[in-house]
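Scroll down for the structure; my scribbles are underneath it.
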Amino acid sequence: MQQLIFFIQRFKYFLFFILLECLAFGLTITNLSFHKSKFVNSTNSLVAGLYSQKSKITAYFRLKSEIEILVAENVRLKNLLEKRNLAVIIKDSTVVDTVKYFQKYTFTAGKVINNNFDKEFNFLTLDIGKNQGIDKEMAVVNSNGIVGIIDYTNNKYARVQSILNRNSRINARLRNTNYFGSLDWDGSDYKTVQLLDIPRQAPLRIGDTIETGGKSAIFPEGIFIGRVSKINRGNSADNRVTITLFNDMSNLGVVYVIKNFERDEIRKLENLENE
Amino acid sequence: MNKPFRLFFLFFFLLFLQVFVLNNILLFGSINPYLYIIFVFLYPLKENKIQLLFFSFLLGLLIDFFSDTGGVHAFAITFIAYLRLFFVKVYFRKLALDYPFFKLQSESFGKRFNYVVSLTVIHHLLFFLLINFSFYNLFNVLTNTFFSSIFTLVLYFIGTTIFTENE
């Protein structure tokens, strides 16, 4: 026993150093895994509070681009509405059958108060949390396309695992077809992501649009992701396709969080199948 | 200003400088200076070595809180805080007796340069290795380390020449 105490006395500096390093390394690992609860992140009230104060100031510098984005989205949505009106007029009557009607998704608007895009594992912080009904594994999009998935929430703030995160895997498909693959990021350029495992017979061309596939319970189908910018015609196993994002991930303001009302039912069904 | 208060001030000044100003520079897309490590250079040499380890760990951890990096900053800065004494011995040939009289600014530029560059490069290399967390993008890690180190060192030497001229 005395020997042990002597040992600790003698090497306490080194032992303290090892302790701190193990602690830091442990925190690094838990931060990277999606399903563990996190201690070190930017959603705690002190850090996120400071960030939201900062974003109150910096938001003014981005108002112009924010307005342009919103106007572009309004134009797109108005055009969609006009198309619908035409369909209704042709039928000559509007039938709203409340029995047939059901809502699958709901949207909540939030503001990005902290944005990372320069690292290998990037996260965003939003100023909405559990009080606004935000929960883990909800989709985050903006008017240009997908942004990420909620990975941690507390009462007032939420952390988003950006698509620019090497752990992020999102189901994506070629627009207007059912050829799908999974979206991945290699960690190099924040303007491009990679689409893996898309079948070779898929009629891919440079400039084709890639959208979310709706094969997961998180993202609704048909949300834009980006354009095909490089196709690998070699014999690699994963058939890697480079995609240029529609979204400028370095300039994010207002985002929408999508809640899927049927998520739990889908999950339950999928788990039954596995057993 | 008395010493503990000055260190306290330095601690929070470096923290907020790093998270609100320097983390947003992103020169050429990804190059950031990590100037908060000068806390390790400026912290006085003392008999009680555990203090520095603890405070630098705390500084790193607080920066991790802000930048969502888990414990990467904490790991890297604790590592150079531990190595500091070794480099003081190697470059300045100081013993424990000389510690109270040691002042980094009064050393010759060459020695100081070696000391600061060694610690900065080690910190940045560790930082980018852990941020990357795989051996997949190793070339990126090395280029990031190289350019970010240059950026940090340029800021450090500009800062020291500006702030020590008045004395």
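If you read the protein sequences in the order shown, they are chains A and B. According to the numbering used here, the first sequence is numbered sequentially starting from 1400. According to the numbering used here, the second sequence is numbered sequentially starting from 63. Backbone N, C-alpha and C define an ideal beta-carbon position, used for all residues, glycine too. If you're wondering where the values come from, they're calculated on a predicted model, not measured in any experiment.
Around the Cβ of residue i, are there at least 16 other Cβ atoms within 10 angstroms (buried) or fewer (exposed)?
i	result
residue 1610(A)	buried
residue 1560(A)	buried
residue 143(B)	buried
residue 114(B)	buried
residue 1469(A)	exposed
residue 1471(A)	exposed
residue 186(B)	buried
residue 135(B)	buried
residue 1640(A)	buried
residue 213(B)	buried
residue 1644(A)	buried
residue 1603(A)	buried
residue 1480(A)	exposed
residue 168(B)	exposed
residue 152(B)	exposed
residue 1627(A)	buried
residue 1523(A)	buried
residue 207(B)	buried
Less than 8 Å between the CB atoms is what I'm expecting for residue i and residue j, so what's the real figure, rounded?
i	j	result
residue 1562(A)	residue 1594(A)	The pair is not a contact, with the Cβ atoms about 12 Å apart (cut-off 8 Å).
residue 1529(A)	residue 1514(A)	Not confirmed; about 21 Å, so no contact.
residue 139(B)	residue 122(B)	4 Å
residue 128(B)	residue 1441(A)	6 Å
residue 133(B)	residue 1424(A)	6 Å
residue 1642(A)	residue 1625(A)	4 Å
residue 1608(A)	residue 1623(A)	7 Å
residue 181(B)	residue 149(B)	6 Å
residue 1655(A)	residue 1507(A)	7 Å
residue 1631(A)	residue 1638(A)	7 Å
Is residue i near residue j, with beta carbons less than 7 Å apart?
i	j	result
residue 190(B)	residue 203(B)	yes
residue 1451(A)	residue 1549(A)	no
residue 146(B)	residue 102(B)	yes
residue 124(B)	residue 192(B)	no
residue 1439(A)	residue 1422(A)	no
residue 1570(A)	residue 1614(A)	yes
residue 1652(A)	residue 1475(A)	no
residue 1589(A)	residue 1537(A)	no
residue 1586(A)	residue 199(B)	yes
residue 72(B)	residue 1517(A)	no
Note down, in chain order, all residues in the stretch 1409-1421 of chain A with a beta-carbon under 9 Å from any beta-carbon belonging to chain B. Cβ contacts with chain B come from 1411, 1412, 1413, 1415, 1416, 1419 and 1420.
Would you list, in chain order, the members of the stretch 1513-1524 of chain A that have their beta-carbon closer than 9 Å to a beta-carbon of chain B? Cβ contacts with chain B come from 1513, 1515, 1516, 1517, 1518, 1519, 1520, 1521, 1522, 1523 and 1524.
Residues of the stretch 190-215 of chain B whose Cβ lies closer than 8 Å to any Cβ of chain A, in chain order: Answer in chain order: 192, 193, 194, 195, 196, 198, 199 and 202.
Go through the stretch 111-169 of chain B residue by residue and report every complete run of the alpha helix (DSSP H) that reaches 4 residues or more, in order. Listed in chain order, they are 112-129 and 134-149.
Quick check on the DSSP output: what are the complete alpha helix (DSSP H) runs of length 4 or more inside the stretch 71-107 of chain B, in order along the chain? Correct list: 100-104.
Which residues, taken in chain order from the stretch 110-127 of chain B, show a beta carbon closer than 8 Å to some beta carbon of chain A? Correct list: 111, 112, 115, 116, 119, 122, 123, 126 and 127.
Got a sec: which bits of the stretch 150-164 of chain B sit with their beta carbon under 9 Å from any beta carbon on chain A, in order along the chain? None of the residues of the stretch 150-164 of chain B has a beta carbon lying less than 9 Å from any beta carbon of chain A.
Given a limit of 9 Å on CB to CB distance, which residues of the stretch 1421-1432 of chain A reach chain B? Hits within the stretch, in order: 1422, 1423, 1424, 1425, 1426, 1427, 1428, 1429, 1430 and 1431.
Identify each residue in the stretch 83-96 of chain B for which the Cβ-Cβ distance to at least one residue of chain A is less than 8 Å, and report them in chain order. Within the stretch 83-96 of chain B, the qualifying residues are 88, 91, 92 and 94.
Whole alpha helix (DSSP H) runs in the stretch 171-229 of chain B with 4 or more residues, listed along the chain? With a minimum length of 4 residues, the continuous alpha helix (DSSP H) runs that stay inside the stretch 171-229 of chain B are 171-194 and 200-226.
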